[in-house]
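Trainee:
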Ligand SMILES: Nc1ncnc2c1ncn2[C@@H]1O[C@H](COP(=O)(O)OP(=O)(O)OP(=O)(O)O)[C@@H](O)[C@H]1O
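Residue numbers (the UniProt record's numbering): 1 to 606.
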């Protein structure tokens, strides 16, 4: 396998695919592909819809028959016929009502099943998305795709879809019956609705564009609201509530404008439907009476036709409303599908990939260059090897590329050029499970979930028993701290670990990493100051955690660099020095000696 990849591959998927360029039918087809449950038994549901629609025509036919053949029968009223007609109508209404119940049930179940699958798939795919895509899409907006957008589709499919299916059935049945009763009157009705039917495509396009903007603005709004909620402490401590509120107000205003704009098309199409309905009613009466005078119409037929026009007008009016809901739902569907259609940039070779053998790992960066999308290279031609079992400290000025180095090493991103090799194997060829098993990254601020300490450390080893966790704590020398907590391992850490101090959060992160027992430990050293006793405890735990494995630490402290086997100095994306601390520090005028001087100065100030 080539050791280089193209820039296009490395930066692919950095923009969330919004799917805005695919049409409504293509969206529905794609949606069906991701939620095949929606297609299940659709034929039977349609059949039930047709039967349910027939319920609507029972009354006009029964009225017409009762009038023309029962009460107005040529030889005088036939009451037995009227009675039979009443019984037949009641049975037919009962049967069609039952069909309607079955159809609603089926639509509800299949829609919810299909959308549950869609939600699960979309949520799971969020984890496969390129890290950089997740950075560009605001978290709130991303959440809105998996929640409110899916809800929008769900509401439409269950209620809109149901009414749509029934409406189409009713329009068809009403048209056929109208033709049976009088093709002239049927033509009058269709003629009155022609302008609406002919402009539907235009409305659909306008509504589609308008609702795409609405759904986008909903995402923006949720993003604007969720960010200050998460950063509430910063907002309050800097007293920027007004500015934050102003940003939210702008997002609300933008959403409202988009929604109002979309509504103008809905209102226009609805009004056009109303005008068409009025014209159709009037036209039927006038033409019906004229036909009656000519002897082509019975009173029963005219009355039945008046019912049929209502039967036709209702679903058409409803259809214009559904057109709006459908465009809103399709815009939402596109956004959800946009997540699924965004390719995962880090292709996992799966079980067919290479498995890393257990034991300390050796690392090689082979001419690695990396650039963030549309940015300059932040790591250039990095070529280095780290022997298995060594302890390495990466140092450099802020922004020099240290964290980027760590992300490439743990395959959170792939290089634009060159390759990262672990035990001689390109990381892109290693089975992701094996990679995650053997390589662990401890970030500066380890994320803690709102749960107990035990639950949080189990992210390192899902099946770890309490005894194992306690043994791990003993090995790290932090069992005293654990025992001193009011509820020990069952202590709740709060949201993002807010109920613990910064140092305690670090201890939980180290315990989690120790339980994972990696062969390569990549550590982004925390910069937050903690009290000296805890600092010592963290230092001791770190010392033990690094034993008998390869460790790469992004070091911010002199002591870490001093105790490492080797220090790698990064400057402006290049490795400019490497060697033991004692050797580097003697190289006068070097980047490292500058860093060393600033550490000493910091230390003496403290
Ligand atoms: N997600 C990103 N998108 C675009 N540019 C980024 C991104 N992350 C980092 N950079 C840029 O890449 C460069 C290297 O960043 P990096 O985080 O690797 O530096 P660092 O040495 O770890 O800095 P520090 O010591 O402050 O953590 C910086 O110029 C930074 O602005």
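For glycine and all other residues, C-beta sits at the position ideal for the given N, C-alpha and C.
Confirm, please, whether the CB-CB distance from residue 525 to residue 483 is below 8 Å.
Mentor: Residue mapping note: residue 483 aligns to position 483 of the chain shown, counting from 1. Residue mapping note: residue 525 aligns to position 525 of the chain shown, counting from 1. Contact flag unset, no.
Trainee: Using the Cβ count rule (16 or more neighbours within 10 Å means buried), how would you classify residue 495?
Mentor: Reading the chain shown from its first residue, position 495 is the one you call residue 495. The residue in question, residue 495, is exposed, as its Cβ has fewer than 16 Cβ neighbours within 10 Å.
Trainee: Report the residue from 472, 566, 436, 577 whose alpha carbon sits nearest the alpha carbon of residue 519.
Mentor: To locate residue 519, count along the chain shown from 1; it is residue 519. With distances taken between Cα atoms, residue 519 lies closest to 436.
Trainee: What did DSSP end up calling residue 363 once you bin it into helix, strand or coil?
Mentor: Against the chain shown, residue 363 aligns to sequence position 363. Strand.
Trainee: Let me confirm a value: residue 300 is counted as buried when at least 16 other C-beta atoms fall within 10 Å, else exposed. Which label applies?
Mentor: Along the chain shown, one-based indexing puts residue 300 at 300. Per the 10 Å Cβ criterion, buried.
Trainee: According to DSSP, is residue 400 helix, strand or coil?
Mentor: Locating residue 400 in the chain shown gives position 400, counting from the first residue. Of the three classes helix, strand and coil, the one that applies to residue 400 here is coil, per DSSP.
Trainee: Would you check whether ligand 1 has a heavy atom nearer than 7 Å to the C-beta of residue 268?
Mentor: Within the chain shown, numbered from 1, the residue matching residue 268 stands at position 268. Because no heavy atom of ligand 1 lies under 7 Å away, the Cβ of residue 268 does not count as near it: no.
Trainee: Rounded to the nearest angstrom, how far is the Cβ of residue 442 from that of residue 523, given a contact under 8 Å?
Mentor: Along the chain shown, one-based indexing puts residue 442 at 442. Along the chain shown, one-based indexing puts residue 523 at 523. Right, the Cβ-Cβ distance comes to about 5 Å (below 8 Å), so this counts as a contact.
Trainee: Does residue 547 come out as helix, strand or coil in the three-state DSSP assignment?
Mentor: Here residue 547 corresponds to residue number 547 of the chain shown, with the count starting at 1. Residue state, collapsed to three classes: coil.
Trainee: Label residue 351 either buried or exposed according to how many other C-beta atoms from any shown protein chain fall within 10 Å of its C-beta, with 16 as the threshold for buried.
Mentor: Within the chain shown, residue 351 is the residue found at index 351, counting from 1. Exposed, because fewer than 16 other Cβ atoms sit within 10 Å of the Cβ of residue 351.
Trainee: Have a look at the DSSP bridge pairing and note the partners of residue 421.
Mentor: Within the chain shown, residue 421 is the residue found at index 421, counting from 1. Per DSSP, 364, 426.
Trainee: In whole angstroms, what separates the C-alpha of residue 566 from that of residue 489?
Mentor: For the purposes of this step, residue 566 is taken as residue 566 along the chain shown, with counting starting at 1. For the purposes of this step, residue 489 is taken as residue 489 along the chain shown, with counting starting at 1. Taking the straight line from one Cα to the other gives about 36 Å.
Trainee: If residue 540 and residue 477 are in contact, beta carbons under 8 Å, what's the gap, nearest whole angstrom?
Mentor: The sequence position of residue 540 within the chain shown is 540, counting from 1. The sequence position of residue 477 within the chain shown is 477, counting from 1. Right, their Cβ atoms sit about 5 Å apart.
Trainee: Any idea what DSSP makes of residue 588, helix, strand or coil?
Mentor: Counted from its first residue, the chain shown places residue 588 at position 588. Coil.
Trainee: Check the DSSP bridge columns for residue 371 and list the partner residues they point to.
Mentor: By one-based count along the chain shown, residue 371 stands at place 371. Note: residue 371 sits in a beta bridge opposite 377.
Trainee: Can you give me the Cβ contacts of residue 123 inside the same chain, cut-off strictly under 6 Å, excluding the 5 residues immediately before and after it?
Mentor: Start at 1 with the first residue of the chain shown, and residue 123 comes out as number 123. 146.
Trainee: Please indicate yes or no: does the CB of residue 342 lie closer than 7 Å to some heavy atom of ligand 1?
Mentor: Walking along the chain shown from the start, residue 342 turns up at place 342. Residue 342: no, Cβ never under 7 Å from ligand 1.
Trainee: Within 7 Å: the Cβ of residue 560 and any heavy atom of ligand 1?
Mentor: As a working note, residue 560 is residue 560 in the chain shown. It does not: the Cβ of residue 560 is nowhere closer than 7 Å to a heavy atom of ligand 1.
Trainee: Verify the contact flag: residue 402, CB atom, against every heavy atom of ligand 1, threshold strictly below 7 Å.
Mentor: By 1-based counting over the chain shown, the position of residue 402 is 402. Checking every heavy atom of ligand 1 against the Cβ of residue 402, one is found closer than 7 Å.
Trainee: What does a CB cutoff of less than 6 Å around residue 92 pick up in its chain, not counting 5 residues either side in sequence?
Mentor: Taking the chain shown and counting its residues from 1, one reaches residue 92 at position 92. The residues are 58.
Trainee: Helix, strand or coil for residue 566? Go by DSSP, reduced to three states.
Mentor: Position 566 of the chain shown, counted from the first residue, corresponds to residue 566. It is a strand residue.
Trainee: How about residue 152 and residue 329: are their beta carbons less than 8 Å apart?
Mentor: Here residue 152 corresponds to residue number 152 of the chain shown, with the count starting at 1. Here residue 329 corresponds to residue number 329 of the chain shown, with the count starting at 1. Closer than 8 Å, so yes.
Trainee: Between the segment 292-308 and the segment 170-178, can you find at least three pairs of beta-carbon atoms closer than 8 Å?
Mentor: Contact between the segment 170-178 and the segment 292-308 is present, because at least three Cβ pairs lie under 8 Å.
Trainee: Please determine, among 417, 403, 428, 396, the residue with the shortest C-alpha to C-alpha distance to residue 411.
Mentor: In the chain shown, counting from the first residue as 1, residue 411 sits at position 411. Nearest of 417, 403, 428, 396 to residue 411, Cα basis: 428.
Trainee: Would you say residue 445 and residue 454 are within 8 Å of each other, going by their C-beta atoms?
Mentor: Along the chain shown, read from residue 1 onward, the residue named residue 445 stands at position 445. Along the chain shown, read from residue 1 onward, the residue named residue 454 stands at position 454. The answer is no: Cβ separation not under 8 Å.
Trainee: Taking 7 Å as the cut-off, does the CB of residue 446 come closer than this to any heavy atom belonging to ligand 1?
Mentor: Taking the chain shown and counting its residues from 1, one reaches residue 446 at position 446. Residue 446 Cβ: outside cutoff for every heavy atom of ligand 1.
Trainee: Out of curiosity, what's the CA-to-CA distance linking residue 516 and residue 27?
Mentor: Indexing the chain shown from 1 puts residue 516 at position 516. Indexing the chain shown from 1 puts residue 27 at position 27. Between residue 516 and residue 27, the C-alpha separation is close to 43 Å.
Trainee: Count Cβ pairs between the segment 411-420 and the segment 360-380 that sit closer than 8 Å; are there 3 or more?
Mentor: Yes: the two stretches touch, three or more of their Cβ pairs being nearer than 8 Å.
Trainee: In the DSSP assignment, what residue or residues form a beta bridge with residue 338?
Mentor: Mapped onto the chain shown, residue 338 falls at position 338. Residue 338 is not bridged to any residue.
Trainee: Just to confirm my understanding: we take residue 369, look at its own chain, exclude 5 residues before and 5 after, and list those with CB closer than 7 Å. What are they?
Mentor: For the purposes of this step, residue 369 is taken as the residue at position 369 of the chain shown. Same-chain partners within the cutoff: 377, 379, 380, 381, 415, 416, 417, 418.
Trainee: Are the beta-carbon atoms belonging to residue 269 and residue 203 less than 8 Å from one another?
Mentor: By 1-based counting over the chain shown, the position of residue 269 is 269. By 1-based counting over the chain shown, the position of residue 203 is 203. Cβ atoms of residue 269 and residue 203: closer than 8 Å.
Trainee: Along the chain, where does the beta strand (DSSP E) containing residue 578 start, and where does it finish?
Mentor: Numbered from its first residue, the chain shown carries residue 578 at position 578. 574-579 is the extent of the beta strand (DSSP E) around residue 578.
Trainee: According to DSSP, what are the bridge partners of residue 553?
Mentor: As a first step, residue 553 must be located in the chain shown, where it is residue number 553. Paired residues: 393, 523.
Trainee: Candidates 125, 222, 69, 248: which alpha carbon is nearest residue 148's?
Mentor: Locating residue 148 in the chain shown gives position 148, counting from the first residue. When each option's Cα is compared against that of residue 148, the closest is 222.
Trainee: From the DSSP output, which residues share a beta bridge with residue 492?
Mentor: On the chain shown, position 492 is the one that residue 492 refers to. Residue 492 pairs with 452.
Trainee: So does residue 567 have its beta carbon nearer than 7 Å to some heavy atom of ligand 1?
Mentor: Working through the chain shown from its first residue, we reach residue 567 at position 567. Every heavy atom of ligand 1 is 7 Å or more from the Cβ of residue 567, so no.
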